[in-house]
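In full-length UniProt numbering, the protein residues as written are 1 to 288. Built from N, CA and C at the ideal position, the CB exists for glycine as well.
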């Protein structure tokens, strides 16, 4: 056998073993902090967020947000795409919303994204990959003038990365699972993040709250829920839950974010808002 092949194989085995050794150190560290850590973890999960991110190895959600296993329900694919016909992703969304009762869905893109960069060229990267990246090319096609207004190539890539996140947030708004949750009274909020690889910081993108109202009406599905069969006999169409749910929860999300940001600016809170206060805002938003 060629000596170079043997040498390369040994190196690869060492890399592989290093990962397993890392797991042993991880377990030892966790048990030293809490002997019952894994026993507690095995009892179940109750994550507060669903994060749809990129498969890029430089963007690990838990590490970037200092969260532990069990805190974030995660789905990752190339370039953090939300494709309506992706059964894998839709199963994740349905399980997160209907079974884990998650109220926050985050789409997290990142700068220096290889998938976004590849989508901006005419070079083929392979059959299935080309089909996948066509979703990003559609975003590029729509915003080509803005993207090409930048001179630096990296700025163009990062601009498209931001626009791609916004497009995927829009796709979640159109998702029947999310729309049905809104109609049932589940306040699912959707956020767009851009992780800047070059600085380590996550940037919360300001998604226009009026964007869903500008979508074509054919995307606004109407579900006949059991709880509405009786209500529909007494409530006028203009005031029915199915017509107001989306707007109500989007307004609630906007109010909560604005209030939390204001508290942070005034140094009243560092990380979290008191549950009672959030509950009060949710209740007040029901009248919107």
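For residue 15, does the count of other Cβ atoms within 10 angstroms reach 16, so buried, or fall short, so exposed? Result: exposed.
Just to confirm the assignment, what range does the alpha helix (DSSP H) spanning residue 196 have? For residue 196, no alpha helix (DSSP H) run applies, since DSSP gives it neither H nor E.
In this structure, how does DSSP classify residue 129 when only helix, strand and coil are distinguished? It is helical.
Using CA coordinates, which residue listed in 76, 114, 185, 207 is at the minimum distance from residue 223? Selected option, being the one with the closest Cα: 185.
Contact check, residue 74 vs residue 41, beta carbons under 8 Å: Going by C-beta atoms, residue 74 is not nearer than 8 Å to residue 41.
Using alpha carbons as the reference points, say which of 21, 99, 153 lies closest to residue 118. Ranking the options by Cα distance to residue 118, first place goes to 153.
What are the partner residues of residue 51, as DSSP defines its beta bridges? Looking at the DSSP assignment, residue 51 forms a beta bridge with 74, 106.
To the nearest angstrom, how far is the alpha carbon of residue 65 from that of residue 3? Each residue's alpha carbon lies about 44 Å from the other.
Residue 148: first and last residue of the uninterrupted alpha helix (DSSP H) it sits in: Its alpha helix (DSSP H) spans residues 144-148.
When 167, 86, 90, 91 are compared against residue 131, the one with the closest alpha-carbon: The option with the nearest alpha carbon to residue 131 is 86.
Buried versus exposed call for residue 317 [16 or more other C-beta atoms within 10 Å across all chains shown]: Because the chain is modelled from 1 through 288, residue 317 falls outside the range shown and cannot be assessed.
Suppose you measure from the CA of residue 206 to the CA of residue 149; what does that come to, to the nearest Å? When the Cα atoms are used, residue 206 and residue 149 turn out to be separated by approximately 21 Å.
Could you give the residue range of the alpha helix (DSSP H) that holds residue 40? Going by DSSP, residue 40 is part of the alpha helix (DSSP H) stretching over 37-41.
Top-ranked residue by Cα proximity to residue 166, from 201, 105, 181: Sorting 201, 105, 181 by C-alpha distance to the C-alpha of residue 166 places 105 at the top.
Can residue 97 and residue 188 be called in contact, C-beta distance under 8 Å? Contact: yes.
If distances are taken between C-alpha atoms only, which option among 145, 76, 174, 38 comes closest to residue 160? Checked all of 145, 76, 174, 38; the closest Cα to residue 160 is 145.
Check this for me: beta carbons of residue 115 and residue 78, under 8 Å apart or not? Yes, the pair counts as a contact, with Cβ atoms nearer than the cut-off.
Buried or exposed by the 16-neighbour rule on C-beta atoms within 10 Å, applied to residue 61: Buried is the label assigned to residue 61, since at least 16 other Cβ atoms lie within 10 Å of its Cβ.
Compute the Euclidean distance between the alpha carbons of residue 124 and residue 138, then round it to the nearest angstrom. Roughly 16 Å between the two C-alpha positions.
Within 10 Å of its beta-carbon, does residue 127 have 16 or more other beta-carbons around it, so buried, or fewer, so exposed? Exposed: under 16 other Cβ atoms inside 10 Å.
DSSP puts residue 190 in a beta bridge; with which residues? Bridge partners of residue 190: 105.
Can you tell me where the alpha helix (DSSP H) with residue 154 in it begins and where it stops? Per DSSP, residue 154 belongs to the alpha helix (DSSP H) from 153-174.
Return helix, strand or coil for residue 241, following the three-state DSSP convention. With a pLDDT of only 49 at residue 241, under 50, the local geometry of the prediction cannot be trusted, and the value read off the model is given with reservation. Residue state, collapsed to three classes: helix.
In the DSSP assignment, find the alpha helix (DSSP H) that holds residue 63 and state where it starts and stops. That run of the alpha helix (DSSP H) goes 61-65.
Looking at the structure shown, is residue 206 part of a helix, part of a strand, or coil, going by DSSP? Looking at residue 206 - three-state DSSP - the assignment turns out to be coil, as it is neither helix nor strand.
Mapping DSSP to helix, strand and coil, what is residue 83? DSSP places residue 83 outside both helix and strand once states are collapsed to three, so it counts as coil.
What's the call for residue 216, buried or exposed, on a 16-neighbour Cβ count within 10 Å? Label assigned to residue 216: exposed.
Which residue comes first and which comes last in the alpha helix (DSSP H) that contains residue 222? In the DSSP annotation of this structure, residue 222 is not part of any alpha helix (DSSP H), being labelled neither H nor E.
Have a look at residue 240 and residue 183 and give me their C-alpha separation to the nearest angstrom. Low confidence applies here, because residue 240 scores a pLDDT of 48, under 50, leaving its location unreliable; read the following figure in that light. Taking the straight line from one Cα to the other gives about 10 Å.
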